[in-house]
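In UniProt numbering, the protein residues as written are 1 to 1099.
Every residue gets a Cβ at the ideal spot worked out from N, C-alpha and C, and that includes glycine.
All of these numbers come straight from a predicted model, not from anything done at the bench.
Notes follow the structure.
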Amino acid sequence: LKYLSYAKCRRDRGLTHPMCYSLTEKDRMGHPVPKTYPVVATDFGAHSFHTLPTDSHVLSKYGIGVSLYFKFLKVMSWLFLIMFIISLPSMVIYVICGSGNGDAIKLQLQKNPLAILGMTSMGHLGESESVCAQAKYGETLTLTCPYGEIGHVDASYSLHDAQGTCSCPTAYQASSKGVCRGPLDDAACPTSGLPCFLGDFPSAGDTCCGYTKDAVSGAGTFPELMLKDADGCASPVVTPILNGLCLGQQTCSLTVDDAELYLWKVDDTYKTVCTDPSSPLFCQARLTDRMNTATCPNATRSERGIIAQAKCLTTKIDVSTSWAFKIMGWNSVTRQDFVGMACGLDIVYSVVFIMVVIWMKQQEKNANSQILSERLSVDNYTVQLMHLPHHKDVPKLAEDVLRSLVAKAPVYNEAIQAIRVADINFGLTNAAQISLMRKRGEVAAKLDVALQRIAKFKKLQPHQPPNAHEMDVKTFERRMERLLKASNALGDQFTSYDKRLDEWEKKNKGKGLVAVTAYITFEEEEGYLRCMREYPSLGVLHRLFQPYHKRFLKKRMWIQPAPDPTDIIWENLDFTAANRLVRVIVVNLMALSLLCLSFIIIYAAKVKKNELTQKYGAPVACPDGGVTAWDVVQEQTSSSGDQTMVMCFCKAALLQSSLKDAMNIDFVDHRTGTSVKYCDTWGTQYLEIQALMVASVVIVVVINSCLTPVLRYLVLKQKSHTRSGVVVATVTKIFIAQFFNTALIVLLLNANMDDVMDKSGAGASVNGVKIFSGKYSDFSVSWYNDVGISLMLTMLINMVSPHAGVFITYVVVEFQRFSDRGFSFDMTITHQETQRDLEALYRGPEFDLASRYSVVINTIFITLMFSSGMPLMLLIGLFSMIITYWTDKFTFLRVVRSPPQYDGKIAGAAGSLLPWAVLLHTLFGIWMYSNTQIFDKMTTQFSALGSLNAELQRGGRIVARAITMPSEVMFGLLVAIAAVALVRVVVFRYFGSALRSVFPICVRMMKKEKPPRNLPNYFDSIPTHILKESLATKTLKPRLRDSYSAALGRRGVSAALEDADDAHRDSGRATLEGCHSYDIMVNTYYKDAFGGGAFHRAL
1 LKYLSYAKCR RDRGLTHPMC YSLTEKDRMG HPVPKTYPVV ATDFGAHSFH
51 TLPTDSHVLS KYGIGVSLYF KFLKVMSWLF LIMFIISLPS MVIYVICGSG
101 NGDAIKLQLQ KNPLAILGMT SMGHLGESES VCAQAKYGET LTLTCPYGEI
151 GHVDASYSLH DAQGTCSCPT AYQASSKGVC RGPLDDAACP TSGLPCFLGD
201 FPSAGDTCCG YTKDAVSGAG TFPELMLKDA DGCASPVVTP ILNGLCLGQQ
251 TCSLTVDDAE LYLWKVDDTY KTVCTDPSSP LFCQARLTDR MNTATCPNAT
301 RSERGIIAQA KCLTTKIDVS TSWAFKIMGW NSVTRQDFVG MACGLDIVYS
351 VVFIMVVIWM KQQEKNANSQ ILSERLSVDN YTVQLMHLPH HKDVPKLAED
401 VLRSLVAKAP VYNEAIQAIR VADINFGLTN AAQISLMRKR GEVAAKLDVA
451 LQRIAKFKKL QPHQPPNAHE MDVKTFERRM ERLLKASNAL GDQFTSYDKR
501 LDEWEKKNKG KGLVAVTAYI TFEEEEGYLR CMREYPSLGV LHRLFQPYHK
551 RFLKKRMWIQ PAPDPTDIIW ENLDFTAANR LVRVIVVNLM ALSLLCLSFI
601 IIYAAKVKKN ELTQKYGAPV ACPDGGVTAW DVVQEQTSSS GDQTMVMCFC
651 KAALLQSSLK DAMNIDFVDH RTGTSVKYCD TWGTQYLEIQ ALMVASVVIV
701 VVINSCLTPV LRYLVLKQKS HTRSGVVVAT VTKIFIAQFF NTALIVLLLN
751 ANMDDVMDKS GAGASVNGVK IFSGKYSDFS VSWYNDVGIS LMLTMLINMV
801 SPHAGVFITY VVVEFQRFSD RGFSFDMTIT HQETQRDLEA LYRGPEFDLA
851 SRYSVVINTI FITLMFSSGM PLMLLIGLFS MIITYWTDKF TFLRVVRSPP
901 QYDGKIAGAA GSLLPWAVLL HTLFGIWMYS NTQIFDKMTT QFSALGSLNA
951 ELQRGGRIVA RAITMPSEVM FGLLVAIAAV ALVRVVVFRY FGSALRSVFP
1001 ICVRMMKKEK PPRNLPNYFD SIPTHILKES LATKTLKPRL RDSYSAALGR
1051 RGVSAALEDA DDAHRDSGRA TLEGCHSYDI MVNTYYKDAF GGGAFHRAL
């Protein structure tokens, strides 16, 4: 056990982690002891509607990006709470008023407890069931619903033989083998007149054969058998009569007789109407009213009949069991009224979401301005000079920059006549040099450890008193030789990197090394303000016509505020804008290809598994008496293609013995004397199904785990100049990947688009795998109980799964530290070899802002997308935001190191994605609310725009559903959102940018001028301990050394490091937060990577 300096380690942790300093406790060196912030009591700030200060003094030190992230989580938490409260009436009705009795629901929950999730969805209301009845003249027509009441009726009173049928006629029925009697003849039915296309008869649902087929699915169609009116002989009042008599009834009967006078009353609940406008309330009509007697004379009366097709559903939703609705006087609500209410609430919280997002983005701008105005950092004194003129000597360029900038006239402070530049740091074309320095630093760290091991091992040398652990000479020499060999190998690598750096510097220090940008730090705020006033960033045209006296060495000056020094990626400054644009295009194409590849692999595996499961692994009804071998032989030797008997027999054999034994069973056909191992084929497919079931899950996990680091690697290849830019690109790409693999693949796997795809999409496949061939063509009850429950369960797991790694990492790291101390509570004990290793052990991982944003945005998108039919998603989103906030708060204050000074671009990028979530939510809401199997169709016409309505109806099923009430109101919201987004992009972004470039003087006149903050001198704002530590090094620039010494002199402080009461001396004085210089060798990320101490080397 070695006693390294834990005090220095603790001080390093205080400088590199989110910690505060004790005002009472000090270490042996006199430094204040770092303390962790309390997790619960620490305020992380919030956006608010009032003007009182709401920013966190803790987070403001770590950049606007981190502060806005935690405020974003708070806003999303409150927003999901509001949206859930608004949608709560809909979910309550789904739960308490769903289909099925209490005993059936209890039995379902006992079999599958997860079914409780389906009870909170739209699918719990149940869906309609079609019934059909037909009666000739003089007979009684009876419509009876097995479940619910009659909610919609279509009928025809015309010639019986020409009005269609309720079931598949005998001539159209399939054979006993389930095939059509008419064989295909050149993709058409034979001349014999037998139907040849197999399909399902719509009104009955049974198998039937037709003479024509659907162009997309290839299934048989039956236009000649559908409900229709005979030409010239039909009653226009039969449907209103049946609606008036039958709607809302479980059973409805009437006698088909022309002399019968049918009476009913107008009911606004079911939108029934009178056929005679003169009688608006009490209605009466005969079947022959308004019939054309010229084309349909009374002589044809005996040939007439009624065919009626009705939809059965619970037309009224009983809410009397809920006291909340009962006290409001509600006992029941019709489905049409409910869907209108649910859709209205949906629109309300969608609008609330949009308004809150707009408000939040404005608050982020205000918070950005406020935090920047309260925070004192080196970028308050620094500007970035872009596109430097051609030069051969970088030091000479620095002198030219100084002369050009110091001659500007006073703007805000008349007392400062000549501005002074404190420091200039250039971004150079030295990406290769920085890469070599990083590799050299890695070797230097290993070499430092190796040398310390040798020095400590020498103390065990024999005959070297005092030595209590003396070893024999041979052992010592053997182990010393091994240590020296490892040290020499590292020394050779280190020397190799030094030589390569010497060669690079010799080759590029002259003409090869060019400055691409400059970070100019002024001594006073006045210099920064003068510079920004003289060279405002008003667009390309403004710089194009820049006066010659303002140009620098005949080069147009382009100056903008400098980013925080810790946000700069210095090695990427070597890459030009054109180079980075090409890289972005290539990276995006590669990322898209990876997404497509991962989607195809996952999709193909799941489709193959579903196909095999449907054929060999689907549940079958086995005979109660069991299956014999002879039953299997008869089934397999027939041409039916059925697999029921072989599955039942082989599964039973598998349970009684092993799979190998079951596959070796011989099935003897006594008629021919041959034997076949039918279970062999079944066993092979069974193994394949089990493998695919495991693989379909493993593939998703593996691809998602591999996709994230690959996308991170690709983003790094874009060579963004700032870490914030890297985070923005990473957030977008990881979010899209997670969204695809979490939600879209589930939808596409189960989607059946036969009803909406045109002929060009028929038979679409990828590598032979058919797509859009799933089980569900709509958001049906079965979809909610199958796919919907799966999605809600996935989101419930995602509430905690992204954060499990954080706590595992925390526990593992704490155990490693405890183990390193020999399971002692004495913090000074350690097994580490060097001080660097000890500090690294107590240094946490980086705060991965990109992954956190991508997880949160993915949650917002998925929960919003399905919340119209599954309001519980909003509650899941609420708890996800709350758990994420507290987990990340704990992580930030206890686990990770201080993040880079991210700017507000990350929050802006995340906020710009949110309107797309509302757009998706509206699209899916339209489709869910227009499901006529759950809610009866409510048709409306644009009274003043009849031609427009006709054109919209020509758009097919998708457009027809979009313009069906109440979905058309949501469709209007969708159009409004799309229009606003289009105007925002075209007018405010592109047109506004062009306007600023063409008329920069107008923008300058309208733009509010930045007021001075009266900041102290740059050198006077540098913390005292940084001034002392910098003066103690030998690498400080001579010009800065004099300025640092003068700053200490003005404070009356000596440069000795032993005088440690620096925090007390800086109290009450405005000091810089974060990195104090744009020198790359001061930046913590590069200083640690390059290696320090005896291995230090300047760039």
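Continuous alpha helix (DSSP H) stretch holding residue i: start and end
{"i": "P1016", "result": "Here P1016 belongs to no alpha helix (DSSP H), and DSSP marks it neither H nor E."}
{"i": "K74", "result": "64-96"}
{"i": "L838", "result": "835-841"}
{"i": "Q718", "result": "Looking at the DSSP string, Q718 is not in any alpha helix (DSSP H), and its letter there is neither H nor E."}
{"i": "I882", "result": "872-894"}
Candidates the options: closest to residue i by CA position
{"i": "P575", "options": "L687, K719, A445, M647", "result": "Inspection of the sequence shows that residue 575 is occupied by Phe rather than by Pro. The shortest C-alpha separation from F575 is found at K719."}
{"i": "R301", "options": "D257, F282, A310, Q835", "result": "D257"}
{"i": "N292", "options": "F282, D268, D231, L242", "result": "D231"}
{"i": "A591", "options": "I454, L513, F740, K458", "result": "F740"}
{"i": "residue 1141", "options": "V95, L581, Q656, G539", "result": "Not covered by the structure: residue 1141. The range shown for the chain is 1 to 1099."}
{"i": "S777", "options": "V800, L748, A804", "result": "L748"}
{"i": "V781", "options": "A605, T932, F338", "result": "T932"}
{"i": "V727", "options": "M799, E846, S90", "result": "E846"}
{"i": "R533", "options": "V383, L654, H47, V333", "result": "V383"}
{"i": "P563", "options": "S377, N579, C650, A577", "result": "S377"}
CB-CB length for residue i against residue j, believed under 8 Å
{"i": "L849", "j": "G65", "result": "7 Å"}
{"i": "P34", "j": "G14", "result": "3 Å"}
{"i": "F735", "j": "L791", "result": "With a Cβ gap of about 17 Å, F735 and L791 do not count as contacting."}
{"i": "L1072", "j": "S1021", "result": "5 Å"}
{"i": "F599", "j": "V632", "result": "Their Cβ separation, rounded to whole angstroms, is 40 Å, which puts F599 and V632 out of contact at 8 Å."}
{"i": "D567", "j": "Y902", "result": "7 Å"}
{"i": "Y497", "j": "K439", "result": "6 Å"}
{"i": "Q173", "j": "C208", "result": "7 Å"}
{"i": "L73", "j": "G164", "result": "With 8 Å as the limit, L73 and G164 do not qualify as a contact, their Cβ atoms being about 59 Å apart."}
Beta-bridge partners of residue i, as assigned by DSSP
{"i": "H152", "result": "K311"}
{"i": "N425", "result": "Y519"}
{"i": "G220", "result": "K213"}
{"i": "L263", "result": "Q284"}
{"i": "Y21", "result": "P34"}
{"i": "L159", "result": "R304"}
{"i": "D669", "result": "T674"}
{"i": "T730", "result": "None, per the DSSP bridge assignment."}
Cβ-based neighbour list, residue i, same chain, cut-off 6 Å, excluding 5 preceding and 5 following
{"i": "D214", "result": "T221"}
{"i": "Y157", "result": "S235, V238, L287, I306"}
{"i": "V92", "result": "none"}
{"i": "L81", "result": "L878"}
{"i": "G210", "result": "P195, F197, G199, G220, T221, F222"}
{"i": "T140", "result": "S253, T255"}
{"i": "W504", "result": "Q433"}
{"i": "H803", "result": "T887"}
{"i": "N798", "result": "none"}
Residue i: first and last residue of the uninterrupted beta strand (DSSP E) it sits in
{"i": "G199", "result": "197-200"}
{"i": "A135", "result": "129-136"}
{"i": "T637", "result": "Where T637 is concerned, there is no enclosing beta strand (DSSP E), although the alpha helix (DSSP H) it sits in stretches over 629-637."}
{"i": "C252", "result": "251-255"}
Beta-carbon proximity list for residue i, same chain, < 8 Å, skipping 5 on both sides
{"i": "Y381", "result": "A422, T521, F522, E523, E524, E525, G527, Y528, L1015, Y1018"}
{"i": "M1081", "result": "T1035, K1087, F1090, A1098, L1099"}
{"i": "L919", "result": "L974, I977, A978, A981"}
{"i": "T42", "result": "S56, V58, K889, L893"}
Neighbourhood of residue i by C-beta, 7 Å cutoff - its chain only, sequence neighbours within 5 removed
{"i": "Q370", "result": "D55"}
{"i": "T676", "result": "Position check: residue 676 holds Val in this sequence, whereas Thr was assumed. Closer than 7 Å at the Cβ level, and outside the excluded window around V676, lie F667."}
{"i": "D820", "result": "T830, H831, Q832, L841"}
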